[in-house]
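See below for the structure under consideration.
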Amino acid sequence: MAQTAEEAIQHPIFELVDAIEVMNGSNLEKEHRLAQEVAGLWGRAGTGGSDAHSVNALGK
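Under my numbering, the residues of the sequence shown are numbered 21 to 80, in order.
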């Protein structure tokens with residue numbers, strides 16, 4: 021896994037995306053910050069996710 025936004029944007033998958041999820045109730049704050057940096061460096065819109073993948077995640 022990339023440790024910096026600069027490393028992350030080297031991955032070829034970013035050629036295929038229009039937006040990057042930068043906020044999600046399941047992620048850590050440092051993961052949010054990394055995603056926000058990637059979106060900014062790559063010039064993509066940031067999105068937020070609110071879907072739950074387990075009963076314990078409902079309402080978070």
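Here a beta-carbon is modelled for each residue, glycine too, at the ideal position from N, C-alpha and C.
May I ask you to list the residues that DSSP assigns as paired with M43? G68
Anyone know if the C-beta pair for H31 and V42 falls short of 8 Å? no
Quick check: the Cα distance between E26 and G66, rounded to an integer number of angstroms? 17 Å
Straight-line Cα distance separating S46 from S74: 10 Å
Using the C-alpha atoms, what's the distance from A59 back to I40? 6 Å
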